[in-house]
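Just so we're aligned, residue 2 is where the sequence shown starts under this note's numbering, counting upward by one. Glycine is no exception: its CB is placed at the ideal position from the N, C-alpha and C atoms. Below is one structure, written out as structure tokens, with a few remarks after it.
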Amino acid sequence: MKETHKKTVLITGAAKRIGKAIALGMAADGWRVVVHYGASREEAECLVKLIRGNGGIAFKIHADLSKEEQVGLLIPSAVKIAGPISCLINNASLFEEDSAQTASRKSWDAHMQINLRSPFVLIQALCDQLPEGFEGNVINIVDQRVQNLTPHFLSYTVSKAGLWTLTQTLALSLAPSIRVNAIGPGPVLANFRQTEEEFIKQWSSIPLGRSVNPLEIVDAIRFIINAPSMTGQLIVLDGGQHLGYSQAPLSGGVIE
């Protein structure tokens with residue numbers, strides 16, 4: 002009989018924003034949390050201290066997800082410091098603007114490596130170290146736009162659509178020992194291109210007229226982990242943005 006989960010989770014891009022909320026939520030639920038970071042070392046250290054100060058168990062680990070060799074070492078290194086990993090949350094993401102006219106080989110490859118290739122390599126490594134008899138969980142953070150295609154952010158969109166397809170394919174190939182699901186957020190936090198006013202304009206234009214609270218994503222992760230019959234599914238949390246109605250363009254006429 003399978004254990005439902007051995008409670009150690011690796012979260013990529015966990016030092017801040019959505020990843021930080023996920024890390025805090027998982028730690029509050031009793032998970033040993035491995036906080037992956039790329040450039041945000043100071044934020045990762047502060048988060049680990051916060052979790053430990055609240056009585057949780059947390060570790061930080063660095064890897065540049067744009068470098069294949071570092072991606073390949075990430076889970077083996079995490080296992081050395083935290084023990085076997087039974088839950089992987091692929092949260093780290095590159096989100097840069099390009100289009101059919103402006104996309105370069107560099108931007109294309111960068112998005113594919115960080116948003117698609119690295120999650121796949123990490124999932125392969127998760128499989129290799131998962132103890133026999135334990136159920137694994139993979140949760141990929143994609144984007145509502147995989148159900149709401151636009152001509153904007155071409156390389157990003159294609160990489161996230163690929164990750165959603167990978168989610169479904171691996172749900173089949175890794176069953177029954179590992180379940181693979183996805184979450185597609187809409188507007189959660191303003192990105193670096195947006196002013197606060199532009200972000201408000203964005204979420205005000207979607208059907209529910211509200212932004213997504215990061216804690217909603219944490220709750221969705223809890224649901225997935227505790228729903229043993231669920232695999233190959235996408236939970237979209239976007240206030241109805243994926244329905245594509247009445248979305249306001251932001252500065253430069255670009256819909257984020």
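| query | result |
| --- | --- |
| Bounding residues of the beta strand (DSSP E) (the contiguous stretch that carries Ala183) | 179-186 |
| As assigned by DSSP and simplified to three states, the class of His153 | coil |
| Whole-angstrom C-beta distance between Gln130 and Ile201, which should lie under 8 Å | Not a contact, Cβ separation roughly 44 Å. |
| Reduced DSSP category for Asn116 - H, G, I as helix; E, B as strand; rest coil | helix |
| Cβ contact check for the stretch 176-191 and the stretch 227-238: 3 or more pairs under 8 Å | yes |
| The stretch 189-199 / the stretch 146-155 touching (three or more Cβ pairs under 8 Å) | no |
| Simplified DSSP state of Gly137, which is helix, strand or coil | strand |
| Distance between beta carbons of Leu164 and Asn116, contact taken as under 8 Å | 6 Å |
| As assigned by DSSP and simplified to three states, the class of Phe224 | helix |
| Nonlocal neighbours in the same chain, by C-beta distance under 6 Å from Gly187, ignoring five residues either side | Gln145, Val213, Asp239, Gly240, Gln242 |
| Spatial distance of Leu48 from Ser156 (CA atoms) | 31 Å |
| Contacting residues, own chain, Cβ-Cβ under 7 Å from Leu89 (five flanking each side not counted) | Leu11, Leu123, Ile124, Leu127, Val139 |
| Outcome for Ala176 when other beta-carbon atoms lying within 10 angstroms are tallied against a minimum of 16 | exposed |
| For Arg33, the first and last residue of its enclosing beta strand (DSSP E) | 33-38 |
| Burial state of Ile142 (16 or more Cβ within 10 Å) | buried |
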